[in-house]
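Numbering (my numbering), first residue to last: 37 to 130. By construction, the Cβ of each residue, glycine as well, lies at the ideal position given by its N, Cα and C atoms. Remember, predicted model here, so these are calculated numbers, not experimental data. As structure tokens, the structure follows; a few thoughts come after it.
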Amino acid sequence: MELAIKFDCNHHKDEYECPDTLISYNPKFDEYGIIIHDGGTATSGISYCPWCGSKLPKSKRDLWFDTLEALGFDDPSEQDIPKQFQGSDWYRNT
37 MELAIKFDCN
47 HHKDEYECPD
57 TLISYNPKFD
67 EYGIIIHDGG
77 TATSGISYCP
87 WCGSKLPKSK
97 RDLWFDTLEA
107 LGFDDPSEQD
117 IPKQFQGSDW
127 YRNT
């Protein structure tokens, strides 16, 4: 799966533009998805590896929002949240 989420294309600026990139990974939420190549950045979340069938980590999206809300951030997209919550540090360093 690590190889599938590594973006390495000389022709496209990001994984959503490259038709050869099929899987996205969001480290902030620790979630995987199949990229929907429709010109946007939409993905369809997946729980199992499409190649080997291994169970993938459960998304931490809800936990991220709940944790920030407990810290007093009720609108993280509009607020200056702590840097650790902008990536995977918030759950990796706990």
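Residue i - partner residues in DSSP beta bridges
{"i": "Asn62", "result": "Glu67"}
{"i": "Ile41", "result": "BP columns for Ile41 are empty, so no partner."}
{"i": "Lys91", "result": "Tyr84"}
The alpha helix (DSSP H) enclosing residue i, as first and last residue numbers
{"i": "Thr103", "result": "97-106"}
{"i": "Asp74", "result": "Where Asp74 is concerned, there is no enclosing alpha helix (DSSP H), given that its DSSP letter is neither H nor E."}
{"i": "Trp126", "result": "125-128"}
Check whether residue i and residue j have beta carbons under 8 Å apart
{"i": "Ser60", "j": "Gly69", "result": "yes"}
{"i": "Lys96", "j": "Tyr127", "result": "yes"}
{"i": "Lys42", "j": "Gln122", "result": "no"}
Given residue i as reference, the closest of the options once Cα atoms are compared
{"i": "Met37", "options": "Asn46, Glu67, Lys49", "result": "Glu67"}
{"i": "Gln120", "options": "Asp98, Asp110, Asp111, Thr103", "result": "Thr103"}
{"i": "Glu51", "options": "Lys64, Phe65, Ile72", "result": "Ile72"}
{"i": "Leu39", "options": "Asn46, Gly81, Asp74, Cys85", "result": "Cys85"}
{"i": "Asp125", "options": "Pro55, Thr77, Asn62, Gly76", "result": "Asn62"}
{"i": "Leu58", "options": "Lys49, Pro112, Glu105, Thr79", "result": "Thr79"}
Extent of the continuous beta strand (DSSP E) to which residue i belongs
{"i": "Ile117", "result": "Here Ile117 belongs to no beta strand (DSSP E), and DSSP marks it neither H nor E."}
{"i": "Ile82", "result": "79-82"}
Within-8 Å CB hit, residue i to chain B
{"i": "Arg97", "result": "This model lacks chain B altogether, as it is built from one protein chain only."}
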